[in-house]
Amino acid sequence: SVAQFTVLQEGTITTSLGGSVRLPCSRSDGSVAAGNYPTWVYQAPGSVPKGVVGSNGNDNHNIKPPGISDRLTGSISGGSAILSIINVQAADDGMYYCILWTGSAHTVLQSYTP
Numbered sequence: 001s002v003a004q005f006t007v008l009q010e011g012t013i014t015t016s017l018g019g020s021v022r023l024p025c026s027r028s029d030g031s032v033a034a035g036n037y038p039t040w041v042y043q044a045p046g047s048v049p050k051g052v053v054g055s056n057g058n059d060n061h062n063i064k065p066p067g068i069s070d071r072l073t074g075s076i077s078g079g080s081a082i083l084s085i086i087n088v089q090a091a092d093d094g095m096y097y098c099i100l101w102t103g104s105a106h107t108v109l110q111s112y113t114p
């Protein structure tokens, strides 16, 4: 059978310009593992979503498409997937979605606004 769980994210997270944030993503039935291929999608207001950080399912959870800032870093820590953003800019405002792979299908997404 297909594993089913809920992806959990916090509500609105705010910081000052130039500050830093950690956006955690956990699962309802236990710890996020490398095999969940944690992936982060960003949606700017009025724009289409785009992938910003992904995982190779092994030891690299910070795979980024060309053009994505080094200020964004993906990791797994304390049983959660984490998207860290340093030196926050106004252009970082928007929705960040966490996607976790279950083994055969992606889960329904939860979201929050930093």
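If you read the sequence shown in UniProt numbering, its first letter stands for residue 1, the second for the next number, and so on.
The C-beta atom is built at its ideal place from N, Cα and C for all residues, glycine as well.
Self-check item: Cβ separation of R22 and I82, assumed to be a contact under 8 Å, to the nearest whole Å
Solution: 5 Å
Exercise. Give a yes or no on contact between the segment 33-41 and the segment 51-59, applying the rule of three or more CB pairs nearer than 8 Å.
Key: yes
Exercise. Count the other CB atoms, across all protein chains shown, that sit within 10 Å of the CB of S16; report buried if there are 16 or more and exposed otherwise.
Key: Classification of S16: exposed, given that the 10 Å Cβ count is below 16.
Quiz item: Would you say L72 and I63 are within 8 Å of each other, going by their C-beta atoms?
Solution: Result no, Cβ atoms of L72 and I63 do not sit closer than 8 Å.
Quiz item: Taking the alpha-carbon positions, what's the T14 to M95 distance?
Solution: 12 Å
Exercise. Go ahead and label P24 buried or exposed: buried means 16 or more other beta carbons lie within 10 angstroms of its beta carbon, across all protein chains shown.
Key: buried
Self-check item: For S80 and F5, the rounded distance between their alpha carbons
Solution: 14 Å
Exercise. State the Cα-Cα distance for the pair N87 and S20, rounded to the nearest angstrom.
Key: If I take the Cα positions, the gap works out to 6 Å.
Exercise. Keeping to the same chain, check which residues put their C-beta closer than 8 Å to that of N58; ignore five residues upstream and five downstream.
Key: A34
Quiz item: Would you call the CB atoms of G78 and S55 closer than 8 Å?
Solution: Taking 8 Å as the Cβ cut-off, G78 and S55 do not qualify as a contacting pair.
Practice problem: Enumerate in chain order the residues of its own chain whose CB-to-CB distance from residue 165 is below 6 Å, with the five nearest sequence positions on each side excluded. | Solution: In the structure as shown, the chain starts at 1 and stops at 114, and residue 165 therefore has no counterpart that could be examined.
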